[in-house]
Each structure stands twice: as structure tokens, then as C-alpha cells.
Amino acid sequence: MADKTRVEGLKRFRAKVLGRLPKAARDQMRQANEKNADEFMGLVRRIIPKGDPEDGRLVDTLRKEDDRLSEVAVRVTIGGQETGQKHPMHLEGGHRAADGTHVPGKPFWNPSKTVTTKRAYARNRRARNKVVKEMAQK
Numbered sequence: 206m207a208d209k210t211r212v213e214g215l216k217r218f219r220a221k222v223l224g225r226l227p228k229a230a231r232d233q234m235r236q237a238n239e240k241n242a243d244e245f246m247g248l249v250r251r252i253i254p255k256g257d258p259e260d261g262r263l264v265d266t267l268r269k270e271d272d273r274l275s276e277v278a279v280r281v282t283i284g285g286q287e288t289g290q291k292h293p294m295h296l297e298g299g300h301r302a303a304d305g306t307h308v309p310g311k312p313f314w315n316p317s318k319t320v321t322t323k324r325a326y327a328r329n330r331r332a333r334n335k336v337v338k339e340m341a342q343k
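Quick note: the sequence shown, position 29, residue 234 per the numbering used here, numbers continuous.
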């Protein structure tokens, strides 16, 4: 659903804002986002329900990729058509088994996001402020 949502001119606006920053600034922001993604992925790996290795484990589909909208952004994904695993919402929120019994959820994505969000914002803010200070000193 997020991929289908469009904001008119967003790509052009982001390119304009990032284009005004020097390459070193974009690199520092990218490094902060890489570190945020690694931290988030590590937490998800620790708490994700482990399945049968013969069927393929969902944790093996966890990957980090470049965001299409920005050169400094990093996207963390799990599951998907190209991996052969379906999106794990049934694990996150629970589901009904084939025999009709309710299988409770074992949340892993949203709790990890909640735990790492504050630290990620702070890390991004520090990187951005560091860049601004360096630019001001020149």
C-alpha cells in the first residue's frame, strides 16, 4: 500500500533538498541510516519466531536495500514474492489455523520498530547537526 501512495513533486523536492547538501553530508546521513537499519535488523532477528529450516525460515528473507526515493535512505524488508515467503502479518497479528483454532500472534516487527525508533531519530539528528556545524565552520 505504501508503494502505491504518491505525493506530487516529492521526488523532485527530495532531490532539491539533498542536492544542496555536500556529498560528505549525504554520506554521513547514509551511514547513520545504515546503522539504524542494522540495529533494527539485529533486533528483528533475535525475536522473530523461528520456523522449520526445511520449509525456509522467514528470518532468512530479512534484507536491507536502497530506498528508491532517496539516496540517503535505507529500507528493511522481510518476505515477499521474490523470496518465496509470504508477508508475515499472520505471525505478527495471529491467525486462524486450518482446524479453526486461533493461533495467537508473536509480534516481532512492530515491537522492534517501537524500540529502535527513538534511537534512530536521535542518531539521524546528530548526523544532520554534525553536518550543519561542519558546513558553518567552512
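Note that CB positions come from ideal geometry on N, CA and C, so glycine has one too. Keep in mind it's a predicted model, so treat the numbers as computed, not measured.
Could you check if residue i is buried or exposed, using at least 16 other CB atoms within 10 Å of its CB as the buried criterion?
i	result
alanine 242	buried
alanine 303	exposed
methionine 206	Low local confidence applies: a pLDDT of 45 at methionine 206 is under 50, so the model's placement there is unreliable, with the coordinate-based value given in what follows. Looking at its Cβ environment, which holds fewer than 16 other Cβ atoms inside 10 Å, methionine 206 is exposed.
phenylalanine 313	buried
valine 336	buried
alanine 332	buried
valine 277	buried
leucine 215	exposed
glycine 230	The question names glycine, yet the displayed sequence has alanine at residue 230. The residue in question, alanine 230, is buried, as its Cβ has 16 or more Cβ neighbours within 10 Å.
Looking at residue i: is its Cβ nearer than 7 Å to the Cβ of residue j?
i	j	result
methionine 246	valine 281	yes
valine 279	asparagine 334	no
serine 317	valine 264	no
glutamate 270	threonine 321	no
threonine 266	isoleucine 283	yes
proline 254	lysine 311	yes
valine 308	glycine 298	no
serine 275	arginine 328	no
Would DSSP call residue i helix, strand or coil?
i	result
arginine 268	strand
glycine 285	strand
arginine 280	strand
arginine 333	helix
methionine 206	Below a pLDDT of 50, predicted positions are generally treated as unreliable, and methionine 206, at 45, falls in that range; the measurement from the model is reported next regardless. Methionine 206 falls in the coil class under three-state DSSP.
arginine 324	helix
arginine 301	strand
Say whether chain D places a C-beta atom closer than 7 Å to the C-beta of residue i.
i	result
isoleucine 253	Absent from the structure is chain D; it holds one protein chain and no more.
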